[in-house]
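The sequence shown maps to residues 1 to 128 in the numbering used here.
Below you'll find the structure, written out as structure tokens, and then a few comments.
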Amino acid sequence: MCLVKKADGTYRFCIDYRRVNAVSKQDAFPISDIRDALNSLRGMKYYATIDLLSGYWQLGMTDQAKERSAFCTRHGLFPFNRIPFGLSGAPDTFCRLMQKVLKDQLWKMCPFYLDDVIIYAKTQRELL
């Protein structure tokens, strides 16, 4: 585990999960295609975007997943309580949840791509 400084001055955890990902069961859930999201915006005039900041960190993990994704430092072993970035199943799990949450509005007025949601309309009143 190491911390890497981002462009905005904050830090990001970097953990090498290659060995965990190599033995993890792969999820076949489709991730949203950015082209589909962009195509659904055609003809719209008003937009609002929602960035689900650190979206993966909003999802809890099972005890077994916590144990398998823990990282080690000289001060001990530390498990994540929320899904960390870098696990191969994280995007699939998050997209599955977003599809459940947005199911009634999905592709009608609210496409998403990973952790970005776009709400759109032809009129300002419709958007509100």
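For glycine and all other residues, C-beta sits at the position ideal for the given N, C-alpha and C.
Nothing here was measured: the structure is a model prediction, and the numbers come from that model.
As assigned by DSSP and simplified to three states, the class of THR10: Here residue 10 is taken as the residue at index 10 of the sequence shown, counted from 1. If DSSP states are grouped into helix, strand and coil, THR10 belongs with coil.
Should MET44 and TYR120 be called a contact, given that it needs their Cβ atoms to be closer than 8 angstroms? The residue labelled residue 44 in the question sits at position 44 within the sequence shown. The residue labelled residue 120 in the question sits at position 120 within the sequence shown. In this structure, TYR120 lies closer than 8 angstroms to MET44 by Cβ.
For the ligand PLP, is there any heavy atom lying closer than 7 angstroms to the beta carbon of GLY9? You won't find the ligand PLP in this model; it holds no ligand whatsoever.
Is LEU77 helix, strand or coil by DSSP? Here residue 77 corresponds to residue number 77 of the sequence shown, with the count starting at 1. Three-state result, LEU77: strand.
For LYS5, list the residues DSSP reports as bridge partners. Counting from 1 along the sequence shown, the entry for residue 5 is found at position 5. BP columns for LYS5 point to TYR11.
List the endpoints of the continuous alpha helix (DSSP H) containing THR123. Taking the sequence shown and counting its residues from 1, one reaches residue 123 at position 123. Here THR123 belongs to no alpha helix (DSSP H), and DSSP marks it neither H nor E.
Roughly how many angstroms separate the alpha carbons of HIS75 and THR93, rounded to a whole number? Locating residue 75 in the sequence shown gives position 75, counting from the first residue. Locating residue 93 in the sequence shown gives position 93, counting from the first residue. Their Cα atoms are separated by approximately 30 angstroms.
I need the DSSP call for THR49, collapsed to helix, strand or coil. Residue numbering aside, residue 49 sits at position 49 when the sequence shown is read from its first letter. Looking at THR49 - three-state DSSP - the assignment turns out to be strand.
Verify whether the separation of the beta carbon atoms of SER32 and CYS95 is less than 8 angstroms. Here residue 32 corresponds to residue number 32 of the sequence shown, with the count starting at 1. Here residue 95 corresponds to residue number 95 of the sequence shown, with the count starting at 1. Their beta carbons are under 8 angstroms apart, which means SER32 touches CYS95 by this criterion.
Close beta carbons around PHE29, own chain, < 7 angstroms, minus the five adjacent residues each side: Translated into positions along the sequence shown, residue 29 becomes position 29. The residues are ASP92, CYS95 and ARG96.
ASN81 beta carbon less than 8 angstroms from that of MET98: Start at 1 with the first residue of the sequence shown, and residue 98 comes out as number 98. Start at 1 with the first residue of the sequence shown, and residue 81 comes out as number 81. Contact: no.
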